[in-house]
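Chemist:
4 protein chains.
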Amino acid sequence: MKDIIIERLEERGVKLKAVADIVYTLQKPYSENLSIDECLESVHKVLEKREVQYTLLTGIALDKLTEKGHIEEPLSSIIKSDEPLYGVDESLALAIANIYGTIGFTSFGYLDKNKFGIMEKLDTNHDKVNTFLDDLVAGIASAASARIAHQKRNEKEAKMKEEKEVS
Amino acid sequence: MKDIIIERLEERGVKLKAVADIVYTLQKPYSENLSIDECLESVHKVLEKREVQYTLLTGIALDKLTEKGHIEEPLSSIIKSDEPLYGVDESLALAIANIYGTIGFTSFGYLDKNKFGIMEKLDTNHDKVNTFLDDLVAGIASAASARIAHQKRNEKEAKMKEEKEVS
Amino acid sequence: MKDIIIERLEERGVKLKAVADIVYTLQKPYSENLSIDECLESVHKVLEKREVQYTLLTGIALDKLTEKGHIEEPLSSIIKSDEPLYGVDESLALAIANIYGTIGFTSFGYLDKNKFGIMEKLDTNHDKVNTFLDDLVAGIASAASARIAHQKRNEKEAKMKEEKEVS
Amino acid sequence: MKDIIIERLEERGVKLKAVADIVYTLQKPYSENLSIDECLESVHKVLEKREVQYTLLTGIALDKLTEKGHIEEPLSSIIKSDEPLYGVDESLALAIANIYGTIGFTSFGYLDKNKFGIMEKLDTNHDKVNTFLDDLVAGIASAASARIAHQKRNEKEAKMKEEKEVS
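Residue numbers (our numbering), protein chains in the order written: chain E, 300 to 466; chain C, 300 to 466; chain H, 300 to 466; chain G, 300 to 466.
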């Protein structure tokens with residue numbers, strides 16, 4: 300299933316490397332020695348979660364169905380115009396952002412107001428409908444970033460415990 | 300917009316009166332003197348909220364598009380089989396259940412395990428795809444029930460204050 | 300840290316075995332061959348999550364501080380009376396219930412309306428303040444149950460894949 | 300009850316005017332003709348919600364009890380150090396931010412990373428414990444801002460409908 304997800308994301312113009320770049324920018328200020336490879340690995344881990352996969356399939360389907368004209372009015376215009384009070388795109392993305400705890404919520408909110416990298420590109424590509432996709436990418440990046448925050452904390456605690464035992 | 304929503308719900312077999320019946324069953328144990336008319340009025344109030352309207356349009360669209368064969372695999376089979384770990388139907392419904400506070404969450408969870416009335420009918424109608432709709436109905440009923448709980452509490456507090464001022 | 304949490308739960312009258320019993324009741328209808336030991340192991344896994352630990356420490360502290368009279372009015376009376384519209388106890392418990400996806404929300408709502416086993420005992424022990432604790436126990440049980448649901452699903456998929464490869 | 304809340308906020312150094320200033324900064328880019336008075340009125344409306352009141356009382360109590368040394372270790376150190384993975388402060392604040400829909404979530408995330416005005420002051424006042432308070436203020440401001448967004452949209456729609464009827 301994960302391979303299908305990666306394929307669908309690429310079809311819509313999203314490479315995992317571009318998501319890892321967002322994770323790096325989010326998490327770098329808090330984690331010294333962070334590498335892009337760790338960020339990419341964390342993105343992969345997020346995409347292994349079944350609930351994340353199902354949510355991505357649904358959001359991407361809604362973007363594509365809107366593009367193809369299969370969505371009835373008034374919903375079609377609401378999605379096409381990325382109406383700020385729509386909220387369903389954020390609900391889906393938050394379900395992803397949240398999988399490693401509430402810390403993912405705040406990154407998501409930050410990205411929503413400061414779109415950069417691939418998110419900015421998606422947001423300004425007016426040939427396609429990316430109403431769901433740009434939020435979903437922010438959700439994946441937020442979850443991957445939260446995962447690294449927890450991990451780095453665990454490593455630090457393990458190290459502190461070890462030093463204590465040695466001394 | 301509210302009229303469109305009511306029309307769409309009726310097209311899918313959901314009359315507001317049937318939703319009000321669920322609200323009545325949920326809320327009756329806590330509110331003496333509760334009438335079906337109050338429950339129906341509360342359902343109407345919930346349906347006036349823009350975010351609720353948008354969420355309903357989206358969920359109903361997904362059910363209908365699945366019925367029509369417009370959703371690609373593997374998502375189509377997941378929605379058709381109402382896969383218990385899918386989660387997107389619950390996410391949308393919870394965004395509705397939650398509009399009058401966390402109290403709506405618990406009613407939703409209860410309804411999800413104890414489907415009755417119109418919910419049971421939707422769940423066992425195998426000609427149609429109602430994966431989203433049965434959860435959305437539970438979401439509306441939970442929100443309408445939470446609204447009544449808050450209202451009854453306000454009335455009680457106002458009365459207590461009045462009695463205190465008189466004495 | 301996990302040991303501290305287990306100790307605090309036991310001090311408040313909650314043995315992990317009693318939580319595992321709730322998980323078993325929740326999950327048994329969906330998972331044949333489920334054992335109490337698997338449920339207990341799942342409870343342990345939930346308690347290893349840092350965000351769960353922090354939430355439990357906070358909720359238990361609020362119960363104890365209310366008992367000791369350290370909480371100012373009007374909050375003290377609201378917590379003591381387990382006011383149904385309070386909502387903070389549910390918010391904390393839902394943050395736990397949710398760690399393995401939205402499926403945990405529905406179990407939580409069900410338990411909130413159908414308190415049994417240790418939850419019923421906590422709810423009717425009027426010497427102590429357990430406003431937070433009974434919801435937190437429901438949150439742990441819901442998360443542990445969601446974890447098993449995901450796991451059983453993974454096993455089933457792995458088996459299906461294997462059978463496909465053999466044939 | 301609302302008066303008690305306003306009093307408690309002021310005791311902790313938070314004037315409603317300062318919260319209204321944050322709302323203004325958040326919402327000004329989207330709403331022309333926005334006045335500080337409208338923002339202040341929106342903050343008042345948020346504080347009238349019972350669930351908001353209860354959440355504020357709880358968070359402020361936790362800050363004060365930590366200051367007074369009534370919270371046991373290890374929780375006391377976690378709250379004092381505003382440990383980034385704690386999460387309970389964000390959970391409470393998000394329950395407030397969310398009362399006018401998911402749109403409040405994104406403002407909250409933005410404020411969490413861009414503390415300004417009264418939030419910055421709270422965050423850098425090291426004589427006091429404001430771990431909960433700075434997030435709660437962000438939650439109130441986010442909800443008040445979401446309320447204005449919905450309201451402005453309603454006004455616009457009413458105007459469009461009127462113009463349509465005239466022509």
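We put the beta carbon where it would ideally sit given N, CA and C, even for glycine.
Let's see if you can read the secondary structure: which residues bound the alpha helix (DSSP H) around residue 449/H?
Modeler: Position 150 of the third sequence, counting from 1, holds the residue named residue 449/H. From DSSP, the alpha helix (DSSP H) with residue 449/H extends over 430-465.
Chemist: Rounded to the nearest angstrom, how far is the Cβ of residue 386/G from that of residue 353/H, given a contact under 8 Å?
Modeler: Taking the first residue of the fourth sequence as position 1, residue 386/G is located at position 87. Taking the first residue of the third sequence as position 1, residue 353/H is located at position 54. Yes, they are in contact, since the Cβ atoms of residue 386/G and residue 353/H sit about 6 Å apart, within 8 Å.
Chemist: Taking only beta carbons into account, state which residues of the region 396-424 of chain H come closer than 7 Å to chain G, listed in chain order.
Modeler: Against chain G - using a Cβ distance shorter than 7 Å - the region 396-424 of chain H contributes no residues.
Chemist: Check each candidate in 462/H, 429/H and 454/H and name the one with the smallest Cα separation from residue 366/H.
Modeler: Taking the third sequence and counting its residues from 1, the one referred to as residue 366/H is at position 67. Minimum Cα distance to residue 366/H is reached at 429/H.
Chemist: Who are the neighbours of residue 307/C on chain H, taking C-beta pairs under 8 Å?
Modeler: For the purposes of this step, residue 307/C is identified with residue 8 of the second sequence, where counting begins at 1. Going along chain H, no residue has its Cβ under 8 Å from residue 307/C, so there is no contact; the nearest lies around 24 Å.
Chemist: List the residues of chain H that residue 376/C touches, going by C-beta distances under 8 Å, in chain order.
Modeler: Here the question's residue 376/C lines up with position 77 in the second sequence. Ordered by position in chain H, no residue passes the 8 Å Cβ test against residue 376/C, which lies about 13 Å from the chain.
Chemist: Which chain H residues are close to residue 448/C, counting only those with a beta carbon under 8 Å from its beta carbon?
Modeler: Start at 1 with the first residue of the second sequence, and residue 448/C comes out as number 149. Correct list: 383 and 384.
Chemist: Indicate whether residue 421/E and residue 433/E have their beta-carbon atoms separated by less than 8 Å.
Modeler: What you label residue 421/E is simply residue 122 of the first sequence in a count that begins at 1. What you label residue 433/E is simply residue 134 of the first sequence in a count that begins at 1. Closer than 8 Å, so yes.
Chemist: Report the rounded CA-to-CA distance for residue 419/E versus residue 437/E, giving the unit in angstroms.
Modeler: For the purposes of this step, residue 419/E is identified with residue 120 of the first sequence, where counting begins at 1. For the purposes of this step, residue 437/E is identified with residue 138 of the first sequence, where counting begins at 1. In a straight line, the C-alpha of residue 419/E is about 11 Å away from that of residue 437/E.
Chemist: Mind checking which residues open and close the alpha helix (DSSP H) that includes residue 354/H?
Modeler: By 1-based counting over the third sequence, the position of residue 354/H is 55. Segment 349-366, the alpha helix (DSSP H) holding residue 354/H.
Chemist: Expressed to the nearest angstrom, what Euclidean distance is found between the alpha-carbon atoms of residue 381/C and residue 371/C?
Modeler: By one-based count along the second sequence, residue 381/C stands at place 82. By one-based count along the second sequence, residue 371/C stands at place 72. Between residue 381/C and residue 371/C, the C-alpha separation is close to 16 Å.
Chemist: Let me know the secondary structure DSSP gives residue 341/H once reduced to three states.
Modeler: Looking up residue 341/H in the third sequence gives position 42. Of the three classes helix, strand and coil, the one that applies to residue 341/H here is helix, per DSSP.
Chemist: Let's test the definition: count the other Cβ atoms within 10 Å of the Cβ of residue 398/E and tell me whether it reaches 16, buried, or not, exposed.
Modeler: Reading the first sequence from its first residue, position 99 is the one you call residue 398/E. Buried, because 16 or more other Cβ atoms sit within 10 Å of the Cβ of residue 398/E.
Chemist: Assign residue 335/E to one of two classes, buried (16 or more other C-beta atoms within 10 Å of its C-beta) or exposed (fewer than that).
Modeler: Your numbering for residue 335/E matches position 36 in the first sequence. The residue is exposed, with fewer than 16 neighbouring Cβ atoms inside 10 Å.
Chemist: Measuring only the C-alpha atoms, how far is residue 351/H from residue 456/G?
Modeler: Position 52 of the third sequence holds residue 351/H. Position 157 of the fourth sequence holds residue 456/G. Each residue's alpha carbon lies about 44 Å from the other.
Chemist: When you compare only the Cα positions, how much space is there between residue 417/C and residue 326/C?
Modeler: Here residue 417/C refers to the residue found at position 118 when the second sequence is read from its first residue. Here residue 326/C refers to the residue found at position 27 when the second sequence is read from its first residue. Distance between the alpha carbons of residue 417/C and residue 326/C: 17 Å.
Chemist: Counting only the same chain and skipping the five closest in sequence on each side, list residues whose C-beta sits under 8 Å from that of residue 375/G.
Modeler: As a working mapping, residue 375/G is identified with position 76 in the fourth sequence. So the qualifying residues of the chain are 365 and 368.
Chemist: Does chain C have any CB closer than 8 Å to the CB of residue 387/E?
Modeler: On the first sequence, position 88 is the one that residue 387/E refers to. Yes, residue 387/E counts as interfacial toward chain C.
Chemist: Can you give me the start and stop residues for the alpha helix (DSSP H) that residue 390/E sits inside?
Modeler: Counted from its first residue, the first sequence places residue 390/E at position 91. Segment 387-396, the alpha helix (DSSP H) holding residue 390/E.
Chemist: Is it buried or exposed, residue 426/G, if we count other Cβ atoms within 10 angstroms and call 16 or more buried?
Modeler: Locating residue 426/G in the fourth sequence gives position 127, where the first residue counts as 1. Burial call: exposed.
Chemist: Relative to chain H, which residues along the region 433-445 of chain G have a C-beta separation below 7 Å, given in chain order?
Modeler: The region 433-445 of chain G vs chain H, Cβ under 7 Å: nothing.
Chemist: Cα separation between residue 393/C and residue 394/G?
Modeler: Locating residue 393/C in the second sequence gives position 94, where the first residue counts as 1. Locating residue 394/G in the fourth sequence gives position 95, where the first residue counts as 1. Roughly 13 Å between the two C-alpha positions.
Chemist: Compute the beta-carbon to beta-carbon distance between residue 345/G and residue 315/G, rounded to the nearest angstrom, for a pair I have assumed lies under 8 Å.
Modeler: As a working mapping, residue 345/G is identified with position 46 in the fourth sequence. As a working mapping, residue 315/G is identified with position 16 in the fourth sequence. The pair is not a contact, with the Cβ atoms about 10 Å apart (cut-off 8 Å).
Chemist: Please tell me whether residue 390/H has its Cβ less than 8 Å away from any Cβ of chain C.
Modeler: In the third sequence, the residue the question calls residue 390/H occupies position 91. With 8 Å as the cut-off, residue 390/H counts as an interface residue toward chain C.
Chemist: What's the gap between the Cα of residue 389/C and the Cα of residue 401/E?
Modeler: Sequence index remark: in the second sequence, residue 389/C carries index 90 (1-based). Sequence index remark: in the first sequence, residue 401/E carries index 102 (1-based). Approximately 19 Å, taken between the alpha carbons.
Chemist: Between which residues of its own chain and residue 310/G is the CB-CB distance below 8 Å, once the five residues before and five after are set aside?
Modeler: Here residue 310/G corresponds to residue number 11 of the fourth sequence, with the count starting at 1. None.
Chemist: Under 8 Å Cβ to Cβ from residue 443/G, same chain only, skipping five residues before and after it: list those, please.
Modeler: For the purposes of this step, residue 443/G is taken as residue 144 along the fourth sequence, with counting starting at 1. These residues qualify, in order along the chain: 318, 319, 322, 338, 341, 342, 344 and 345.
Chemist: Along chain H, which residues have their Cβ under 8 Å away from the Cβ of residue 393/C?
Modeler: Within the second sequence, residue 393/C is the residue found at index 94, counting from 1. Per Cβ cutoff of 8 Å: 401 and 404.
Chemist: Give the secondary structure of residue 331/G by DSSP, where H, G and I count as helix, E and B as strand, and everything else as coil.
Modeler: Position 32 of the fourth sequence, counting from 1, holds the residue named residue 331/G. Note: residue 331/G maps to coil in three-state DSSP.
Chemist: Does chain E have any CB closer than 8 Å to the CB of residue 350/H?
Modeler: Numbered from its first residue, the third sequence carries residue 350/H at position 51. It does: the Cβ of residue 350/H has a partner Cβ on chain E nearer than 8 Å.
Chemist: Measuring CA to CA, which of 459/G, 384/G and 301/G is closest to residue 349/H?
Modeler: By 1-based counting over the third sequence, the position of residue 349/H is 50. If we check each option's Cα against that of residue 349/H, 384/G comes out closest.
Chemist: Against residue 364/G, what residues of chain H qualify as contacts under a CB-to-CB distance less than 7 Å, listed in chain order?
Modeler: On the fourth sequence, position 65 is the one that residue 364/G refers to. Residues of chain H passing the Cβ test: 364 and 369.
Chemist: Should residue 301/H be labelled buried (16 or more other beta-carbon atoms within 10 Å of its own) or exposed?
Modeler: Sequence index remark: in the third sequence, residue 301/H carries index 2 (1-based). With fewer than 16 other Cβ atoms within 10 Å, it is exposed.
Chemist: So is residue 452/H in contact with chain C if we call contact Cβ pairs under 8 Å?
Modeler: The sequence position of residue 452/H within the third sequence is 153, counting from 1. It does: the Cβ of residue 452/H has a partner Cβ on chain C nearer than 8 Å.
Chemist: Return the residue from the list 449/E, 459/E and 463/E that minimises the CA-CA distance to residue 347/H.
Modeler: Walking along the third sequence from the start, residue 347/H turns up at place 48. Nearest of 449/E, 459/E and 463/E to residue 347/H, Cα basis: 449/E.
Chemist: Using beta carbons (cut-off 8 Å, strictly below), is residue 346/H in contact with chain G?
Modeler: In the third sequence, the residue the question calls residue 346/H occupies position 47. By this cut-off, residue 346/H is not an interface position.
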